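In the working numbering, the protein residues as written are 13 to 583.
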């Protein structure tokens with residue numbers, strides 16, 4: 013009887029020491045909810061430009077606010093197992109929390125079905141092909157005295173039903189239609205399963221300094237849907253990272269606020285898919301990322317960022333040069349070469365009106381004469397890509413606990429106009445590192461891929477039951493493919509053959525999530541996806557009156573329906 017009372021007392025103490033604060037999984041409904049609250053200053057982002065599960069930490073400034081208490085105790089609980097309230101204080105101990113906390117993630121079951129064609133992004137190692145697609149994830153996080161350990165693997169199964177694909181480049185069955193890209197159109201002919209370590213890592217932090225090793229997904233930049241450089245779209249990869257989390261700066265002696273700074277760097281190992289080549293010596297590449305962000309003190313809400321990526325062969329003897337963030341490339345006689353990409357970001361948050369505007373501008377490699385002023389003054393748009401986005405929070409009916417959020421994002425990664433003289437180009441492909449900007453066959457940054465454009469609009473209604481979302485969007489996944497055809501074809505013939513050949517997706521639908529009972533939530537999605545010219549293949553429409561040559565203007569259509577069901581249990 014005494015043992016039972018003792019255990020009960022311990023559990024009572026533990027459950028008294030809980031909070032809804034803590035880390036959230038990237039792009040989960042919990043993280044998106046906190047992001048919505050941050051638009052009006054109810055909570056604040058613990059990051060500027062670089063985030064993983066471990067960096068996506070949220071605290072509520074005003075739990076009495078109706079919007080803040082909307083999902084009270086439904087976004088996961090962090091349990092304090094031990095808290096040293098009598099600990100001594102010194103310069104070192106002041107930089108770490110002298111406590112032990114634990115948090116569970118999931119379990120979460122996800123399923124989708126595509127009737128005609130693959131559809132789905134930002135889903136980790138899962139590849140949502142035609143047919144059924146299933147994934148299961150669950151995790152546990154323990155942190156104490158500066159140390160953090162997270163284990164959250166993902167197990168996936170994909171039915172991978174047959175559908176018509178374009179002719180692969182070379183002799184790679186199911187591979188990309190580009191020669192220099194490891195982006196399979198289909199992952200083999202049979203169903204398959206994967207095990208991925210997902211958001212797993214070990215980490216140590218002192219104040220805002222942090223160092224870690226693991227496979228947690230990294231999201232770089234303010235983009236809502238398609239980051240240019242890094243997201244959670246592809247399978248995870250092992251990486252070592254070091255840096256400074258968001259830190260407020262003050263001028264010495266006068267203690268005047270000088271803005272917030274974030275500096276992060278990582279080195280990782282990318283892996284080729286099974287559908288690229290049979291050369292075992294080029295299966296791995298080194299991925300180096302530097303990210304620097306600064307919140308401007310005299311313009312409240314404005315954050316500026318600069319990010320740079322360098323990819324090289326894993327066995328490249330010149331690897332030490334790539335660890336220099338100022339290395340411009342194209343100067344060394346490397347055996348294999350390297351691929352560099354960079355982006356500048358701007359994010360302006362207006363908490364008083366609940367609005368946020370953001371942008372990202374990216375370039376691939378550099379101009380032919382390097383980082384020279386006259387090169388960029390002459391033509392600054394070489395390989396340039398961009399994203400523009402907007403978010404807005406609304407009070408729909410606060411007395412009924414109804415709140416809304418509008419999202420709009422415009423992405424463009426099409427080739428710059430100077431490639432009319434150079435031939436085929438795609439931001440995600442590379443002639444030296446022929447796997448391109450991928451890991452295990454999926455795009456590292458933009459889940460849509462590169463070479464096209466997209467426009468996305470959604471409205472989300474938050475309520476005590478969960479959320480409801482309507483969305484409408486369109487995209488051209490890869491206009492670069494058609495542009496490359498036209499640069500090597502007579503203009504008149506190109507117009508007759510390729511003018512109507514652009515592939516396009518139009519999709520619209522709705523998503524809903526309900527808190528069912530206790531910690532159980534159910535989430536559903538229905539999407540109608542109209543695919544125009546799925547194989548860049550408009551049909552014959554007759555002969556030209558002027559030239560007598562065949563003209564191809566009859567569009568081909570495919571109607572794909574996408575269904576999702578997610579069940580999650582949150583402790």
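No residue lacks a Cβ here, since even glycine has one placed at the ideal position from N, Cα and C. Keep in mind that this is a model prediction, so the values were computed, not measured.
{"Query": "Should the stretch 468-488 be regarded as contacting the stretch 153-164, the criterion being three or more beta carbon pairs within less than 8 Å?", "Result": "no"}
{"Query": "Helix, strand or coil for residue 285? Go by DSSP, reduced to three states.", "Result": "coil"}
{"Query": "In chain order, what are the residue ranges of uninterrupted beta strand (DSSP E) at least 3 long that sit wholly in the stretch 492-579?", "Result": "516-529, 532-544, 551-555 and 562-566"}
{"Query": "Can you round the beta-carbon distance between residue 492 and residue 423 to whole angstroms, since I take them to be within the 8 Å contact cut?", "Result": "Going by Cβ atoms, the distance from residue 492 to residue 423 rounds to 14 Å, so no, they are not a contact pair."}
{"Query": "Give the DSSP-derived three-state secondary structure of residue 432 in the structure shown.", "Result": "helix"}
{"Query": "Could you tell me which residues DSSP puts in a beta bridge with residue 150?", "Result": "None; residue 150 has no bridge partner."}
{"Query": "Quick check: the Cα distance between residue 154 and residue 550, rounded to an integer number of angstroms?", "Result": "56 Å"}
{"Query": "Which whole runs of the beta strand (DSSP E) in the stretch 259-327 are 3 residues long or more, in chain order?", "Result": "268-283, 296-307 and 314-325"}
{"Query": "Please report how far the alpha carbon of residue 44 lies from the alpha carbon of residue 83, in whole angstroms.", "Result": "12 Å"}
{"Query": "Work out the CA separation of residue 47 and residue 36 for me, nearest whole Å.", "Result": "11 Å"}
{"Query": "Measure the C-alpha to C-alpha separation of residue 580 and residue 318 and round it to an integer number of angstroms.", "Result": "36 Å"}
{"Query": "Report the three-state DSSP secondary structure of residue 27 (helix, strand or coil).", "Result": "Unreliable positioning characterises residue 27 in this predicted model, as indicated by a pLDDT of 45, which lies under 50. A coordinate reading is not provided."}
{"Query": "What is the DSSP secondary structure of residue 137, reduced to helix, strand or coil?", "Result": "coil"}
{"Query": "Hey, residue 65 and residue 166 are a contact pair by Cβ (cut 8 Å); roughly how many whole angstroms apart?", "Result": "Wrong, their Cβ atoms sit about 12 Å apart, outside the cutoff."}
{"Query": "DSSP three-state label for residue 412, please.", "Result": "helix"}
{"Query": "Counting C-beta neighbours from all protein chains within 10 Å, is the total for residue 54 16 or more, i.e. buried, or is it exposed?", "Result": "buried"}
{"Query": "Compute the distance between the beta-carbons of residue 177 and residue 197, then report whether it is under 8 Å.", "Result": "yes"}
{"Query": "What would DSSP say about residue 407, mapped onto helix, strand or coil?", "Result": "strand"}
{"Query": "Out of curiosity, what's the CA-to-CA distance linking residue 69 and residue 257?", "Result": "11 Å"}
{"Query": "From residue 511 to residue 566, what distance separates their C-alpha atoms?", "Result": "11 Å"}
{"Query": "Using beta-carbon positions only, say whether residue 279 and residue 251 come within less than 8 Å of one another.", "Result": "yes"}
{"Query": "Tell me the residue span of the beta strand (DSSP E) that contains residue 474.", "Result": "465-475"}
{"Query": "Would you call the stretch 207-224 and the stretch 255-274 in contact, with 3 or more CB pairs under 8 Å?", "Result": "yes"}
{"Query": "Applying the 10 Å Cβ sphere with the 16-neighbour rule, what's the burial state of residue 560?", "Result": "exposed"}
{"Query": "Using three-state DSSP, classify residue 420 as helix, strand or coil.", "Result": "strand"}
{"Query": "Terminal residues of the continuous beta strand (DSSP E) containing residue 204?", "Result": "204-208"}
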